[in-house]
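Working notes for the structure below.
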Amino acid sequence: MASDLQNSAFHDNHKARETLEAIRWPDGPYCPHCGNSDQDKIAKGEGEVARPGLYYCAECNGQFTVTVGTVMERSKISLHKWLQAFHLMCSSKKGVSAHQLHRTLDLSYEAAWFMAHRIREAMRAGGLAPLGGGGGIVEADETYYGNVDRPKLRANKQGRVRANRKGNKRPIVALVERGGNVRTFHVPVASKEHVAKVVRENIARESRLHTDESNLYPAVGTTFDAHKTVKHSIEEYVRYEKGEAIHTNSAEGYFGIFKRGMKGVYQHCKEKHLHRYLAEYDFRYNHRIALGFNDRERAALAVKNAAGKRLTYRGTGEARF
Ligand SMILES: [Zn+2]
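Sequence positions in the sequence shown follow numbering that gives the first Met the number 0 and run 0 to 320.
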């Protein structure tokens, strides 16, 4: 990372643009308006009037730059600062606070905050194939982080309305492939219905589900090749059955990183943003060194993922930063 930070693309806007172009367009620019990738029909905006980085599409007569159609579109922040922020957020295990970005990149706090959320959006995965499959093990576990913004109430079978069982905590469900990827969800309530939906929709049926003895999982567990449990209540944290290690230690390890990071770096996050912080931790976990990714590759992937993502906040004009 030290040598990476001396990278001239982090200090020079033109070099940063070229780096972003090389990451986003390995086969040459394509038009984000009409999808044209015929290099004969794309002109580079050079010369006295045109600015470098501006391209013209002869197919639709549109203009574009490397940031069009990405979370960086219309931002006033220099590209070398964007690139550096991508690297910082992708290489630090626990995340980087808006305060640190504000100081390191010499941006206003508001601009840094805006930027961090856009990078989280770039890290967010979408439309993924189910986890597990082929008899692989997937752990499922839930935890609670922070308080909900508005206490949720629900009626029990007798119609009595009360706060949910864990009070006003925000429930998070994590699904982790043993030795592989994680996928986390902020669910409204840690109920059988909500948890089962997440489990069903994100784990392949041909998987072996590992959970603790929580009553959230037995019903949905029957829809998989196997459902094995450890009894945390009797301090059983791993059990061996015909050579299969039954535990939820990967999920708990993930929650540990998430909670230490949130506590140490971000301190407080509004509930409506929680899913985005989870996306950030998921992204780093799924591109960790153990899976063969270095800091540079991880950042390049986040930059690639910045395409096709847009994020607007009410009251935060997109062009403000
Ligand atoms: Zn076009």
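Note that the Cβ used here is the ideal one computed from N, Cα and C, for glycine as well.
Query	Result
Would you kindly check if the distance between the Cβ of Ala110 and the Cβ of Phe320 is under 7 Å?	yes
Where does Val198 sit, in a helix, a strand or coil, going by DSSP?	helix
Just to confirm, are Leu215 and Lys191 a CB contact at a threshold of 7 Å?	yes
Can Asn6 be considered in contact with ligand 1, in the sense that its beta carbon sits closer than 6 Å to one or more heavy atoms?	no
Quick one: Cα of Asp11 to Cα of Ile22, how far?	17 Å
List the residues that DSSP assigns as beta-bridge partners of Leu290.	The partner list for Leu290 (beta bridge, DSSP) is empty, contrary to what the question assumes.
Measuring CA to CA, which of Cys89, Met88 and Gln83 is closest to Asp105?	Gln83
Measuring straight from C-alpha to C-alpha, what distance separates Phe9 and Cys89?	15 Å
With a threshold of 16 other CB atoms inside 10 Å of the CB of Lys80, please say whether the residue is buried or exposed.	buried
Could you name the residues of the same chain whose beta carbon sits closer than 7 Å to that of His321, not counting the 5 residues immediately before and after it, in chain order?	Any answer about residue 321 is impossible in this case: the structure gives the chain only from 0 up to 320.
If you compare alpha carbons, which of Asp211, Gly220, Glu212 and Asn180 is closest to Arg205?	The sequence shown places Glu at residue 205, not Arg. Looking at the Cα atoms, Gly220 is the closest of the given residues.
Straight-line CA distance for Met0 to His98?	Residue placement at Met0 cannot be trusted, given a pLDDT of 44 that sits under 50; what the coordinates show is reported in the next sentence. Straight-line Cα distance between these residues: approximately 20 Å.
Going by DSSP, what residues sit across from Asp26 in a beta bridge?	In DSSP, Asp26 forms no bridge with anything.
Compute the Euclidean distance between the alpha carbons of Leu287 and Asn293, then round it to the nearest angstrom.	Before going further, note that residue 287 is Arg rather than Leu in the sequence given. Straight-line Cα distance between these residues: approximately 7 Å.
From what residue to what residue does the alpha helix (DSSP H) around Thr103 run?	Ala97 to Thr103
Could you give the distance in angstroms between the alpha-carbon of Gly252 and the alpha-carbon of Tyr284?	11 Å
Could you tell me the distance, in whole angstroms, from the CA atom of Ser2 to the CA atom of Arg295?	No answer about Ser2 holds up, because its pLDDT of 49 lies below 50 and its placement is not dependable.
Quick one: Cα of Gln38 to Cα of Gly27, how far?	7 Å
Tell me Asn146's beta-bridge partners as DSSP assigns them.	Lys168
Which residues in the same chain have their Cβ closer than 7 Å to the Cβ of Ser249, if we skip the five residues on either side of it in sequence?	Glu138, Val175 and Arg177
Between which two residues does the alpha helix (DSSP H) carrying Ser249 extend?	Asn248 to Gly260
Kindly provide the chain-ordered list of residues whose Cβ lies closer than 5 Å to any non-hydrogen atom of ligand 1.	Cys30, His32, Cys33, Asn35, Cys56, Glu58, Cys59 and Gly61
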